[in-house]
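J.: Under the working numbering, the first residue of the sequence shown is numbered 13, with each subsequent residue one higher. In this text, a Cβ means the ideal position worked out from N, Cα and C, and glycines have one as well. Treat the numbers as computed from the prediction; the structure is a model and nothing was measured.
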Amino acid sequence: MTVQQIIHACGGAMTVASASRRTTTPVTFEAVFKWYRNGIPETHWPLVIGLSGQSVEEIYNANRTAEKRRKTRRKSRARRRPEQWAAA
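1) In three-state terms, what does DSSP make of P58?
2) Tell me whether M13 sits in a helix, a strand or coil according to DSSP, three-state version.
3) Compute the Euclidean distance between the alpha carbons of T36 and T84, then round it to the nearest angstrom.
4) Would you tell me roughly how many angstroms separate the C-alpha atoms of F41 and A29, rounded to the nearest one?
5) Can you name, in chain order, every residue of its own chain whose Cβ lies under 7 Å from the Cβ of Y72, other than the five neighbours on each side?
6) Taking only the alpha-carbon atoms, compute the straight-line gap between R34 and Y48 and give it to the nearest angstrom.
7) Nearest CA to the CA of Q17: which residue from T55, S64, E79?
Encoded structure:
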């Protein structure tokens with residue numbers, strides 16, 4: 013399961029942001045979209061578990077997958093030369 017699938021199981025980014033207003037750590041709609049790339053912060057795991065019904069292990073694994081993808085993207089960008097960027 014991916015972070016995107018977990019957020020979708022919660023009802024979407026807007027639902028997560030709205031539900032977070034009732035917690036001690038509210039989050040904005042835009043911040044939830046950053047989770048797709050960065051992973052779900054541990055602070056918000058209880059909220060996400062409550063909304064999606066996913067387990068801690070599923071969220072942890074989704075975050076690890078997001079982290080691996082992020083590192084892969086950085087490496088692929090670093091290997092390109094500036095003139096290759098303009099062509100892409």
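T.: Taking the geometry as given:
1) helix
2) coil
3) 34 Å
4) 5 Å
5) none
6) 22 Å
7) S64
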